[in-house]
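J.:
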Amino acid sequence: MLARKPDLVFAALCLIFALVCVLFWLPRDTETAMIEVFRRQISMGDAFVPIVAGTLMGICAAIHLVMTALRKDLYDTESAPVDSAAMAFLIQLTLVVALSLAVMFWAGPLAVELFVVSGSEDITYRQMRATYPYKLIGFVLGGFALVFGLSALIEGQIRASRAILALITVAILVAIFDLPLDSVLLPPNGDW
Amino acid sequence: MGVFEYVWAGVLAVFLGPEAFSLFGIGVPITLVMVVFGFLLGIVIGATPGLGGPFVMAVSLPILISFFGFTPDALLPVMGFLVGVMKGATVGGAVPAILFNTPGTPDALMTTLDGYPMTKRGNAGKALRTAHFASVSGDTFSDLVLFTTAPFLAIIVESYLGFAEKAALIVLSLSFVAAVVGASPMKGLMAAFFGILLASVGTGEDLYPRMTMGTEFLANGFPLITAVLGVLIMGEVITSFEETWRDRRAARVQNQIPQSDDNSLSWSERKALLPYISVSAAVGTLIGALPGIGSTLAATLGYATGQKMHKGPVKFGDGTPEGVAATEAANSSVSGANLIPVLSLGIPGNVSAVFLILAAESIGGFNPGPSVFRFTTSEVNPELVIAFGLFTTMMCANILNWTIGGQFMRWVGVMSKVPKQVLMPMVFLLTITAVYVQETSFDAIFFLLGFGLLGFFMRKLRVPILPFVIAFILASNLETALRQAFAVSGGDPFFLFRSPISIVFLVLSVVVIVFFMCGKKDEAALSSEVS
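Each protein sequence line maps, in turn, to chains A and B. Just so you know, we're using our numbering here: the first sequence kicks off at 1 and counts up by one. Just so you know, we're using our numbering here: the second sequence kicks off at 1 and counts up by one.
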């Protein structure tokens, strides 16, 4: 169980979210209201289920808020669930993942741009995405960066053995997905 | 077709289905191959701390669907694989608990209490044999209860429940899961309603997809498998990253403990374990049949019951085989019984069941629920044949478990030494790749990471994951049942309160919540709140 203060903040945030959903977002972002009458036929509109769910979520949040406020706290010694260390970790994780995904997405098109000699017309990555090695460049480089980067992040050191493991991982995934299945597109080839 | 013809058709669907390859001129069915593969992989993964059956089921589902396609022929091989993984992982979870005092799965925590002291005394082999014997006995018992109970329950549900009652039953199930999983029923309910809210995005019956904020990005809603994988697997991976990042001393040195020469388990020893196994299997089956409670509580109750029965010289907790047997029989007997609500009501009660439902929904042609068990005589009900085919795959996995499971389990002890910080980055890339090959869009990766972060924060804030996932999956069924019930009632605002059965279900929903809010939860429930 969480300490009292973070639990109160959590319940309050849930209550605010539910109120915003029910009072502002849902009525404006659904075509039909909770109940629709069309040619004297009464039916349930698209807003019914989300508004009921949002309302009940708000009620539960309010009850939790009151119960937490009234509770005799035995857990206040516990540290905050999302502290500055957790946020620092998330920022570093986001950077590693974003960079790796960017490499995965753009490495193939960049390689085509740099190395494919075009004649009179431009050759795009889409035309080359089924041709080796271009079809795998993005996945191999991005996948390697992701596995190696994450290992380095969580271990706090760069190790050659982890680089080899990252390469082996990518090679195994290529062997599983690309070699036996012609119809399967590895990332990022479906987007081009 | 009669009942026995349906059962036989299910068996034949497994053994005479599409061939994987031919051995000495005899065709080996693909379903059987997938069961074997899933079972062995399940043991390996179960024996690897930090991973688990649900992880393999989650990641392999998109791969299997890409491989087998969306045809009815894909149903049994895919579900057979998932069943194999489920059973293999249950057995494998005991390996690191016994050998290294590290439970491979949360429900194997109690196994460490007696399993590891046995290892320290040089009886690791005996402990592993005991765990395997108890686990496979409990699992088989639970499956037999499933085979006999689910059809009858489904027939009763189909005969007596209309649209309003079915909607009320889903509400009751969600309330129950929300109440029993985790430390706070209110948080469970908030998670469930949030799941329904998110599942509503981009869906509905109007031309304009609701709750999209006018964006194309959300117009098709959140892909079901991506969302479930994100919250369950990616959330767990990110949480695990953070824990390892905080404590970089994860690479511990394991000392080799010398083992005794005689580590066999004789027939008389097996006979002496049977009372503990029987009682624990009954406890586990009973708990497994209730959605959401899970195997951790079953293991705790099985252990506590065994402790009361035990009169031997070595006490529970000091390394007695009875302790290992009581725990393993209880947690293993949950897996079969967990499928009772899935097959009879269409309601998943645990994470493994979630992936069986996702497989069925993704491939099509089989909708787990009461309509499956229609014993039509004039025409063949293909869903019923698939259901009996599924039962057949479960029995095949049990036979494998009885025959080769024990030996294989002892071989994979080495997996327990694989460090988490090596595995988790691989899991991260594998999950991203598995989702991408199914959705073929980077948007799916963004959804996956978004839901992963949601899962991370839910774990941090001690909000139970299972009610969210089950509500997300059942939201569409709930809305359909509500719409139909409302339409049938002619727009009656009290349409849910017109039938006595529906009223009973709704009252029970409130009673369950109030009961669990008033009662203080034990540590077993707390430990299962995330898993």
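Positions of the beta carbon are idealized from the N, C-alpha and C atoms, including for glycine. Keep in mind that this is a model prediction, so the values were computed, not measured.
Work out the CA separation of Pro493 of chain B and Gly149 of chain A for me, nearest whole Å.
T.: Translated into positions along the first sequence, residue 149 of chain A becomes position 149. Translated into positions along the second sequence, residue 493 of chain B becomes position 493. Approximately 57 Å, taken between the alpha carbons.
J.: Which residues in chain A sit within 9 Å of Glu242 of chain B, going by Cβ to Cβ distance?
T.: Numbered from 1 along the second sequence, position 242 holds the residue referred to as residue 242 of chain B. Here the neighbours are Ala85, Ala86, Phe89, Leu90, Leu93 and Ile154.
J.: Given a threshold of 16 other Cβ atoms within 10 Å of its Cβ, counted over all protein chains shown, does Asp139 of chain B qualify as buried or as exposed?
T.: Here residue 139 of chain B corresponds to residue number 139 of the second sequence, with the count starting at 1. It counts as buried.
J.: Whole-angstrom Cβ separation of Ile63 of chain B and Ala434 of chain B, contact assumed at under 8 Å?
T.: Counted from its first residue, the second sequence places residue 63 of chain B at position 63. Counted from its first residue, the second sequence places residue 434 of chain B at position 434. Right, their Cβ atoms sit about 6 Å apart.
J.: Going by DSSP in three states, Gly27 of chain B sits in which element: helix, strand or coil?
T.: The count along the second sequence starts at 1 and reaches residue 27 of chain B at position 27. In this structure, Gly27 of chain B counts as strand in the three-state DSSP scheme.
J.: Within a Cβ cutoff of 8 Å, which residues of the same chain sit near Asn398 of chain B, ignoring the five residues on either side of it in sequence?
T.: Start at 1 with the first residue of the second sequence, and residue 398 of chain B comes out as number 398. Contacts found: Lys87, Val136, Asp139, Thr140 and Asp143.
J.: Please go through the region 23-110 of chain A and give each complete beta strand (DSSP E) segment of 3 or more residues, from N-terminal end onward.
T.: The region 23-110 of chain A contains these whole beta strand (DSSP E) runs: 35-38 and 41-44.
J.: In the structure shown, what three-state DSSP assignment does Ser22 of chain B receive?
T.: Walking along the second sequence from the start, residue 22 of chain B turns up at place 22. Ser22 of chain B falls in the strand class under three-state DSSP.
J.: For Glu19 of chain B, go through chain A and note every residue whose CB falls closer than 9 Å to its CB, in chain order.
T.: Your numbering for residue 19 of chain B matches position 19 in the second sequence. Those within 9 Å of Glu19 of chain B in chain A number zero; the least Cβ separation is about 17 Å.
J.: What are the boundary residues of the alpha helix (DSSP H) that includes Ser362 of chain B?
T.: Position 362 of the second sequence, counting from 1, holds the residue named residue 362 of chain B. Per DSSP, Ser362 of chain B belongs to the alpha helix (DSSP H) from Val351 to Ile363.
J.: Work out the CA separation of Asp247 of chain B and Ser84 of chain A for me, nearest whole Å.
T.: Indexing the first sequence from 1 puts residue 84 of chain A at position 84. Indexing the second sequence from 1 puts residue 247 of chain B at position 247. Their Cα atoms are separated by approximately 15 Å.
J.: Gly336 of chain B and Glu322 of chain B - do their beta-carbons sit closer together than 9 Å?
T.: Within the second sequence, residue 322 of chain B is the residue found at index 322, counting from 1. Within the second sequence, residue 336 of chain B is the residue found at index 336, counting from 1. No, these two residues do not count as a Cβ contact at 9 Å.
J.: Restricting to Cα atoms, I'd like to know which of B:Thr239, B:Tyr208 and B:Leu51 is closest to Met87 of chain A.
T.: As a working note, residue 87 of chain A is residue 87 in the first sequence. With distances taken between Cα atoms, Met87 of chain A lies closest to B:Thr239.
J.: Whole angstroms is fine: what's the gap from Pro77 of chain B's alpha carbon to Phe15 of chain B's?
T.: As a working note, residue 77 of chain B is residue 77 in the second sequence. As a working note, residue 15 of chain B is residue 15 in the second sequence. Going from the Cα of Pro77 of chain B to the Cα of Phe15 of chain B covers about 11 Å.
J.: What do you reckon, are the CB atoms on Leu358 of chain B and Leu174 of chain B nearer than 9 Å?
T.: For the purposes of this step, residue 358 of chain B is identified with residue 358 of the second sequence, where counting begins at 1. For the purposes of this step, residue 174 of chain B is identified with residue 174 of the second sequence, where counting begins at 1. Against a cut-off of 9 Å, the Cβ pair of Leu174 of chain B and Leu358 of chain B comes out as no contact.
J.: From what residue to what residue does the alpha helix (DSSP H) around Phe320 of chain B run?
T.: Locating residue 320 of chain B in the second sequence gives position 320, counting from the first residue. Residue 320 of chain B is actually Thr in this sequence, not Phe. Unbroken run through Thr320 of chain B: none, as it is neither H nor E.
J.: Please compile the residues from chain A whose C-beta is within a distance smaller than 7 Å of the C-beta of Ala487 of chain B.
T.: By one-based count along the second sequence, residue 487 of chain B stands at place 487. Within 7 Å Cβ-Cβ: Ser43.
J.: Which residues in the same chain as Ala250 of chain B place their Cβ atom closer than 8 Å to its Cβ, once the five residues preceding and following it in sequence are excluded?
T.: By 1-based counting over the second sequence, the position of residue 250 of chain B is 250. Low confidence applies to Ala250 of chain B: its pLDDT is 47, below 50, so where it sits in the model is not reliable, and the reading given next is rough at best. Thr244, Pro419, Lys420 and Gln421.
J.: Any chance the region 155-169 of chain A sits against the region 435-446 of chain B, with 3 or more Cβ pairs inside 8 Å?
T.: At 8 Å Cβ cutoff, the stretches do not touch.
J.: Is any beta-carbon of chain A found at less than 9 Å from that of Arg498 of chain B?
T.: Taking the second sequence and counting its residues from 1, one reaches residue 498 of chain B at position 498. Closer than 9 Å: no.
J.: What does the alpha-carbon distance come out to for the pair Arg126 of chain A and Asn189 of chain A?
T.: Your numbering for residue 126 of chain A matches position 126 in the first sequence. Your numbering for residue 189 of chain A matches position 189 in the first sequence. The straight-line gap from Cα to Cα measures roughly 8 Å.
J.: With respect to the alpha helix (DSSP H) encompassing Gln127 of chain A, which residues constitute its N-terminal and C-terminal limits?
T.: Position 127 of the first sequence, counted from the start, is the residue given in the question as residue 127 of chain A. That run of the alpha helix (DSSP H) goes Tyr125 to Met128.
J.: Pick out whichever of B:Gly93, B:Gly306, B:Gln307 and B:Ser502 has its Cα sitting closest to the Cα of Gly406 of chain B.
T.: Locating residue 406 of chain B in the second sequence gives position 406, where the first residue counts as 1. Per the Cα distances, B:Gly93.
J.: How would you list, in chain order, the residues of chain B whose beta-carbon sits under 9 Å from the beta-carbon of Leu136 of chain A?
T.: For this step, residue 136 of chain A is matched to residue 136 along the first sequence. In chain order: nothing, as chain B lies at least about 12 Å away.
J.: Since Leu181 of chain A meets chain B, which of its residues come closer than 7 Å, beta carbon to beta carbon?
T.: Residue mapping note: residue 181 of chain A aligns to position 181 of the first sequence, counting from 1. Neighbours of Leu181 of chain A on chain B, chain order: Ser66 and Phe67.
J.: So the alpha helix (DSSP H) Ile386 of chain B belongs to, where does it begin and stop?
T.: To locate residue 386 of chain B, count along the second sequence from 1; it is residue 386. Start and end: Pro382 to Leu400.
J.: Contact between the region 54-68 of chain B and the region 225-235 of chain B is defined here as three or more beta-carbon pairs at a separation below 8 Å; is this criterion met?
T.: Yes, since at least three Cβ pairs between the region 54-68 of chain B and the region 225-235 of chain B fall closer than 8 Å, the two stretches touch.
J.: How would you write the range of the alpha helix (DSSP H) that Ser159 of chain B sits in, first residue to last?
T.: For the purposes of this step, residue 159 of chain B is taken as residue 159 along the second sequence, with counting starting at 1. Counting along the chain, the alpha helix (DSSP H) containing Ser159 of chain B begins and ends at Ala124 to Tyr160.
J.: Using a Cβ-Cβ distance cut-off of 9 Å, determine whether Gly108 of chain A contacts chain B.
T.: As a first step, residue 108 of chain A is located in the first sequence; it is residue number 108 there, counting from the start. Taking Cβ atoms only, chain B never reaches closer than 9 Å to Gly108 of chain A, which makes this a no.
J.: List, in order along the chain, the chain A residues whose C-beta lies closer than 8 Å to that of Tyr160 of chain B?
T.: Here residue 160 of chain B corresponds to residue number 160 of the second sequence, with the count starting at 1. What Tyr160 of chain B touches in chain A: nothing, since even the nearest Cβ is about 24 Å away.
J.: Indicate whether the contact test is met: 3 or more Cβ pairs, each with one atom in the region 371-390 of chain B and one in the region 165-180 of chain B, closer than 8 Å.
T.: The region 371-390 of chain B vs the region 165-180 of chain B: no contact.
J.: How about the region 424-438 of chain B and the region 152-171 of chain B: do they share at least three Cβ pairs that are nearer than 8 Å?
T.: The region 424-438 of chain B, when compared against the region 152-171 of chain B, does not touch it at the 8 Å Cβ threshold.
J.: I'd like to know whether the C-beta atoms of Ala299 of chain B and Asn338 of chain B end up nearer to each other than 9 Å.
T.: Residue mapping note: residue 299 of chain B aligns to position 299 of the second sequence, counting from 1. Residue mapping note: residue 338 of chain B aligns to position 338 of the second sequence, counting from 1. Cβ distance not < 9 Å, so Ala299 of chain B and Asn338 of chain B don't count as in contact.
J.: Spatial neighbours of Asn367 of chain B within its chain, please: CB distance less than 8 Å, with the 5 preceding and 5 following residues excluded, ordered by chain position.
T.: Sequence index remark: in the second sequence, residue 367 of chain B carries index 367 (1-based). So the list reads Gly346, Ala360, Glu361 and Glu383, once near-sequence residues are dropped.
J.: Could you give the distance in angstroms between the alpha-carbon of Val314 of chain B and the alpha-carbon of Thr320 of chain B?
T.: For the purposes of this step, residue 314 of chain B is taken as the residue at position 314 of the second sequence. For the purposes of this step, residue 320 of chain B is taken as the residue at position 320 of the second sequence. Whole-angstrom Cα-Cα distance: 6 Å.
J.: Trp245 of chain B by DSSP, collapsed to three states: which one?
T.: For the purposes of this step, residue 245 of chain B is taken as residue 245 along the second sequence, with counting starting at 1. If DSSP states are grouped into helix, strand and coil, Trp245 of chain B belongs with the helices.
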